[in-house]
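Each remark here refers to the structure printed beneath this line.
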Amino acid sequence: MKYGFFDDKQREYVITRPDTPLPWINYLGCEAYFGLISNTAGGYSFYRDARLRRLTRYRYNNAPFDFGGRYIYVRDNDTGRFWSPSWEPTQDKLEKYSCRHGMGYSIIGSTFERIRAETLYFVPLGENLEVWQVTLTNEGKKTRRLSLFSSVEFCLWDAQDDSTNFQRNFSTGQVEIDRGVIYHKTEYRERRNHFAYFACSEKLAGYDTQRDVFLGSYRGWDRPAAVVRGRSFNSVANGWAPIGSHHVRVSLKPGESRRVIFVLGYHENPVDDKFDPPGSQTINKRTVKPVIAKYLDPAVVSAAFESLRGYWDRLLGLYQAKTPDQHANRMVNIWNAYQCMATFNMSRSASFYESGIGRGLGFRDSTQDLLGFVHMVPERARERILDLAATQLESGGAYHQYQPLTKRGNNDVGSNFNDDPLWLIVGVAAYLKETGDWAILDAPVQYDNRPGSETPLFEHMQRSLRYTLDRLGPHKLPLIGRADWNDCLNLNCFSETPGESFQTTTNKDGKVAESVFIAGLFVLAARELAEIALRRRLASEAGEYRDAAGRMEETVRAHGWDGQWFLRAYDDSGKKIGSRECEEGKIFIETQGFCVLAGIGIADGMARKALHAVGEHLATRHGIMLQQPAFSKYYLNLGEISSYPPGYKENAGIFCHNNPWVMIAETMLGEGDRAFDYYLRINPSAREKISAVHRCEPYVYAQMIAGKDAPTHGEAKNSWLTGTAAWNYYAITQFILGIRPIYEGLMVAPVVPSTWKGFSVSRLFRGVRYDISVVRQGKGNRVAMSIDGKGFAGNVIPAPPSGVTSVSVRVELR
Ligand code: BGC
Ligand code: NOJ
Numbered sequence: 005m006k007y008g009f010f011d012d013k014q015r016e017y018v019i020t021r022p023d024t025p026l027p028w029i030n031y032l033g034c035e036a037y038f039g040l041i042s043n044t045a046g047g048y049s050f051y052r053d054a055r056l057r058r059l060t061r062y063r064y065n066n067a068p069f070d071f072g073g074r075y076i077y078v079r080d081n082d083t084g085r086f087w088s089p090s091w092e093p094t095q096d097k098l099e100k101y102s103c104r105h106g107m108g109y110s111i112i113g114s115t116f117e118r119i120r121a122e123t124l125y126f127v128p129l130g131e132n133l134e135v136w137q138v139t140l141t142n143e144g145k146k147t148r149r150l151s152l153f154s155s156v157e158f159c160l161w162d163a164q165d166d167s168t169n170f171q172r173n174f175s176t177g178q179v180e181i182d183r184g185v186i187y188h189k190t191e192y193r194e195r196r197n198h199f200a201y202f203a204c205s206e207k208l209a210g211y212d213t214q215r216d217v218f219l220g221s222y223r224g225w226d227r228p229a230a231v232v233r234g235r236s237f238n239s240v241a242n243g244w245a246p247i248g249s250h251h252v253r254v255s256l257k258p259g260e261s262r263r264v265i266f267v268l269g270y271h272e273n274p275v276d277d278k279f280d281p282p283g284s285q286t287i288n289k290r291t292v293k294p295v296i297a298k299y300l301d302p303a304v305v306s307a308a309f310e311s312l313r314g315y316w317d318r319l320l321g322l323y324q325a326k327t328p329d330q331h332a333n334r335m336v337n338i339w340n341a342y343q344c345m346a347t348f349n350m351s352r353s354a355s356f357y358e359s360g361i362g363r364g365l366g367f368r369d370s371t372q373d374l375l376g377f378v379h380m381v382p383e384r385a386r387e388r389i390l391d392l393a394a395t396q397l398e399s400g401g402a403y404h405q406y407q408p409l410t411k412r413g414n415n416d417v418g419s420n421f422n423d424d425p426l427w428l429i430v431g432v433a434a435y436l437k438e439t440g441d442w443a444i445l446d447a448p449v450q451y452d453n454r455p456g457s458e459t460p461l462f463e464h465m466q467r468s469l470r471y472t473l474d475r476l477g478p479h480k481l482p483l484i485g486r487a488d489w490n491d492c493l494n495l496n497c498f499s500e501t502p503g504e505s506f507q508t509t510t511n512k513d514g515k516v517a518e519s520v521f522i523a524g525l526f527v528l529a530a531r532e533l534a535e536i537a538l539r540r541r542l543a544s545e546a547g548e549y550r551d552a553a554g555r556m557e558e559t560v561r562a563h564g565w566d567g568q569w570f571l572r573a574y575d576d577s578g579k580k581i582g583s584r585e586c587e588e589g590k591i592f593i594e595t596q597g598f599c600v601l602a603g604i605g606i607a608d609g610m611a612r613k614a615l616h617a618v619g620e621h622l623a624t625r626h627g628i629m630l631q632q633p634a635f636s637k638y639y640l641n642l643g644e645i646s647s648y649p650p651g652y653k654e655n656a657g658i659f660c661h662n663n664p665w666v667m668i669a670e671t672m673l674g675e676g677d678r679a680f681d682y683y684l685r686i687n688p689s690a691r692e693k694i695s696a697v698h699r700c701e702p703y704v705y706a707q708m709i710a711g712k713d714a715p716t717h718g719e720a721k722n723s724w725l726t727g728t729a730a731w732n733y734y735a736i737t738q739f740i741l742g743i744r745p746i747y748e749g750l751m752v753a754p755v756v757p758s759t760w761k762g763f764s765v766s767r768l769f770r771g772v773r774y775d776i777s778v779v780r781q782g783k784g785n786r787v788a789m790s791i792d793g794k795g796f797a798g799n800v801i802p803a804p805p806s807g808v809t810s811v812s813v814r815v816e817l818r
């Protein structure tokens, strides 16, 4: 069962019915102003921080599920019939509904009683505003006299406060209406120097800014009083709920079309120049007016939309693959890369499952996300790395999160997630391999944002390693702290109090529980740092890190192996977790994938055994589960993991984030068929045909698919903001297709299915365009290469002489 189709040429997913199983969404904006938009125009907008600068309201977990949005109403003034072209909120039966989600824009269009209404929503590059361009067309035979109403509900900036502090907020709301532009200025009179505006390109027949006047009392958004009667009330909000609604009359002859543009935006004024005239309470509009005027011009809107398309052509053009598999092509060339940019911009803050209130930017999340977007926006990746590192503590530990607006570590969540600092090394290594920008290692970076505490970034990475080594447990494995990658394996929090945080309530001394996962991550990070040290001519440090990695590997072999697979951890009483000795949770995915990915046990067969066990105990047709058997009850000593019903989330759900660890591990053993098989099981496009089961968007990864113990096995949840995006992109592009940046150049090491006759990749790397075509000659993964027609030994393409900007590489797989 499908709800739409991929239009790969346009880089769009076209949804053909509004009642998708869940809201299928898209993101608007790629710099500072952002919006979420569903296929029925639900969603909201914010400036930089979804909590602290929320422009419009959205009602999470509402019924209907998706509510609050950028709704427009069309009304036939002769009959009084009105409808929403995006289906919500009136839910009329539309003819020819479609929602085209594209790269940074969505076009929602429908026809109703011979009126075609199509709205293009996007955020122009470089601007803090969004454009809604509505095109109305009369497809009938008689002239139609129509009314068009726009609507947004303003959020009073702090989304948390907005949804809780009603005793105050019902009295603070303020607007100004000036020449048809609605300005939302709640709290501008006191400490804010920002406001929102909502403008329209046409002469207005009226407006409304007070929600309950526009809707009428006891009425909802499905039949606003103003729309029903066909005329706005010209209401002015004082307190209660400020909204923005314009009313425009449009008369259309048969075949005639009209464009109406709405612009919703955010603007800041200098603190000492907020009012005009000075001393008044009226917003100074001198700098905002030109911006508004500019985007009410259809020619400017068209040009801005073209530049947005061009921006994505360029970003996506950096890596393009042609393989025999359309699902791989589509995800690699379009959607997976696009999703990686969403995770870069949002981390885990604002989606239809993340309320924009709870979380800032995660340290481990953002450092891993780098793997997926570093090639697209290297300069912004550099800035992100330096911002993250500046929240690191002198101990080498890291704040688990920081707030994007302040770029400061978040004290509510604090530190002591013991895997966090090591991911910094993984992220910086990816950046160095991509860019060759070794100078970043010398950039002075503060600790805990304290001026005067700067050391070179390289020392931050050294302290990351030290942090682990300073915290070893009874088996000399790393202590786990509050949690490692698996936030829900809480071995130092024995919580019996409902509502207590499993992560931040720590009531064990933390000196016993150890993580085999962190050990694997340490081996990878320490070897990586050794490579980096070598290239900085720090031979003795390099040796030291290699030795530390070697020792840790030995420790894993001695105390982290269960006979058939890698153990997961030791709990607070020193008991094994993820062992055949356990009653439940005998085997976990994290250590099987990550230890092998780090190179542990490849030479001696442990790796092969571990991956065999994954296939045997964890793999399902919907993907690889996190652990088995699922925990059937709550375990005080394990924490949140056992709080989920079996099959969901970390309790034996298919956690898509670490499936690619296993894919990469399989490629390390040369198993291209198996790696690609696992890849396809969770590939959203490959699952499109089972949309009724999968339920989430078929164009982006979800964090989780319900595991076999769940009654809804195969159902996805928490789409968009997940490390799954970066890791899958990394696995398919760098390990399966095998086009991999390394310090010295571009490595070609494909491990693809044995049935593939070949594939090609065009990749921009350090300013050079590489066109690589791979042809299978034998069954194996051995590479024979020729560069620009000349045979070449080895599989690392060196940088061409300066001045050469394109290189063509032919590869035979033997
Ligand atoms: C979720 C985890 C998430 C954590 C963040 C938990 O409830 O299950 O996936 O990492 O919250 O704090
Ligand atoms: C989601 C979190 O964002 C991520 O940091 C964590 O690793 C996974 N959940 C697993 O718990």
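Mapping of the sequence shown onto the working numbering: residues 5 to 818, in sequence order. Cβ atoms here follow ideal geometry from the backbone N, Cα and C, with glycine treated the same way. A quick note: this is a predicted structure, and the numbers were derived from the prediction, not measured.
Measure from the alpha carbon of leucine 542 to the alpha carbon of each residue in Arg318, Glu463, Ile591, then state which is nearest. Of the candidates Arg318, Glu463, Ile591, the one whose C-alpha sits nearest the C-alpha of leucine 542 is Glu463.
Using the Cα positions of alanine 447 and phenylalanine 680, report the straight-line distance between them to the nearest angstrom. Phenylalanine 680 has its alpha-carbon roughly 40 angstroms from the corresponding atom of alanine 447.
In this structure, what does DSSP give as the bridge partners for serine 102? Partner(s): Gly113.
Might you give, ordered along the chain, the residues of its own chain that have their beta carbon closer than 8 angstroms to the beta carbon of arginine 540, omitting 5 neighbours on each side? By the criterion of a C-beta distance shorter than 8 angstroms, arginine 540 is surrounded in its chain by Trp442, Leu445, Phe462, once the five residues flanking it on both sides are discounted.
Can you tell me whether glutamate 16 is helix, strand or coil according to DSSP? DSSP places glutamate 16 in strand when its eight states are reduced to three.
Rounded C-alpha distance that separates proline 93 from glutamate 122: In a straight line, the C-alpha of proline 93 is about 16 angstroms away from that of glutamate 122.
Is phenylalanine 202 helix, strand or coil by DSSP? In this structure, DSSP gives phenylalanine 202 an extended state, which the three-state scheme calls strand.
Given this structure, state the Cα-to-Cα distance separating threonine 728 from phenylalanine 237, to the nearest angstrom. Within the model, the alpha-carbon separation for threonine 728 versus phenylalanine 237 is close to 48 angstroms.
Assuming glutamate 134 is part of the beta strand (DSSP E), what are its boundary residues? Where glutamate 134 is concerned, the enclosing beta strand (DSSP E) stretches over 133–142.
Return the chain-ordered ranges of every alpha helix (DSSP H) run that is complete within the stretch 304–380 and spans a minimum of 4 residues. Segments of the alpha helix (DSSP H) lying fully in the stretch 304–380: 330–334, 340–350, 367–377.
Taking 6 angstroms as the cut-off, is the C-beta of tryptophan 489 nearer than that to any heavy atom in ligand 2? Yes, Cβ of tryptophan 489 sits closer than 6 angstroms to a heavy atom of ligand 2.
Going by DSSP, name the residue or residues bridged to aspartate 775. DSSP lists Ser766, Ser812 as partners of aspartate 775.
Taking 6 angstroms as the cut-off, is the CB of lysine 653 close to at least one heavy atom of ligand 1? If you check the C-beta of lysine 653 against ligand 1, you find a heavy atom less than 6 angstroms away.
Taking the C-alpha atoms as reference points, what is the distance between lysine 579 and serine 419? Cα-Cα distance, rounded: 25 angstroms.
Output the distance between the C-alpha atoms of glutamate 545 and alanine 537, rounded to the nearest integer angstrom. Each residue's Cα considered, the two are about 7 angstroms apart.
Tell me the rounded alpha-carbon separation between glutamine 164 and glutamine 178. If you draw a straight line from the Cα of glutamine 164 to the Cα of glutamine 178, it is about 19 angstroms long.
Please report the straight-line C-alpha distance between glutamate 748 and alanine 534, rounded to a whole angstrom. One alpha carbon belongs to glutamate 748, the other to alanine 534, and they sit about 15 angstroms apart.
Could you please give me the residues that DSSP links to proline 460 through a beta bridge? Looking at the DSSP output, proline 460 shares a beta bridge with Pro448.
When burial is assigned at 16 or more other CB atoms within 10 Å of the CB, is arginine 233 buried or exposed? Result: exposed.
Could you say which of Thr139, Gln781, Glu16, Lys480 lies nearest to phenylalanine 763 if we only look at CA atoms? The shortest C-alpha separation from phenylalanine 763 is found at Gln781.
Based on DSSP bridge pairs, tell me the residues matched to glutamate 30. This sequence places asparagine at residue 30; glutamate is not what is there. Bridge partners of asparagine 30: Ile41.
Select from Val800, Gly793, Asp775 the residue whose C-alpha is nearest the C-alpha of valine 787. The candidate whose alpha carbon is nearest that of valine 787 is Val800.
Report yes if the C-beta distance between phenylalanine 266 and tryptophan 87 is below 7 angstroms; otherwise report no. The answer is no: Cβ separation not under 7 angstroms.
Could you check whether the stretch 333–347 touches the stretch 386–396, counting it as contact only if at least three pairs of C-beta atoms, one from each stretch, sit closer than 8 angstroms? Segments in contact, no.
With C-beta atoms as the reference, is arginine 486 less than 7 angstroms away from phenylalanine 421? Cβ distance < 7 angstroms, so arginine 486 and phenylalanine 421 count as in contact.
Is cysteine 700 a contact residue of ligand 1, with contact defined as CB to any heavy atom under 6 angstroms? Checking every heavy atom of ligand 1 against the Cβ of cysteine 700, none is found closer than 6 angstroms.
Between which two residues does the alpha helix (DSSP H) carrying lysine 298 extend? It spans 292–299 - the alpha helix (DSSP H) in which lysine 298 sits, taken as one unbroken run.
Any heavy atom of ligand 1 closer than 6 angstroms to the Cβ of cysteine 4? Any answer about residue 4 is impossible in this case: the structure gives the chain only from 5 up to 818.
What does the Cβ neighbour count give for alanine 385, buried or exposed, with the cut at 16 atoms within 10 Å? Alanine 385 should be labelled buried.
Among the candidates Ser351, Ile429, Tyr222, whose CA atom is the shortest distance from the CA of alanine 529? With distances taken between Cα atoms, alanine 529 lies closest to Ile429.
Between the alpha carbons of serine 689 and tyrosine 357, how many angstroms are there, rounded? Take the alpha-carbon of serine 689 and the one of tyrosine 357: they are about 21 angstroms apart.
CA-CA distance, alanine 735 and leucine 673? One C-alpha to the other measures close to 14 angstroms.
Could you have a look at histidine 251 and say whether DSSP puts it in helix, strand or coil? Taken through DSSP and simplified to helix, strand or coil, histidine 251 comes out as strand.
How far does the alpha helix (DSSP H) with valine 520 in it extend, from its first residue to its last? First-last of the alpha helix (DSSP H) with valine 520: 520–539.
Close beta carbons around methionine 556, own chain, < 6 angstroms, minus the five adjacent residues each side: Around methionine 556, the same chain offers Ala523, Phe526, Val527 as residues with beta carbons nearer than 6 angstroms, after the five sequence neighbours per side are excluded.
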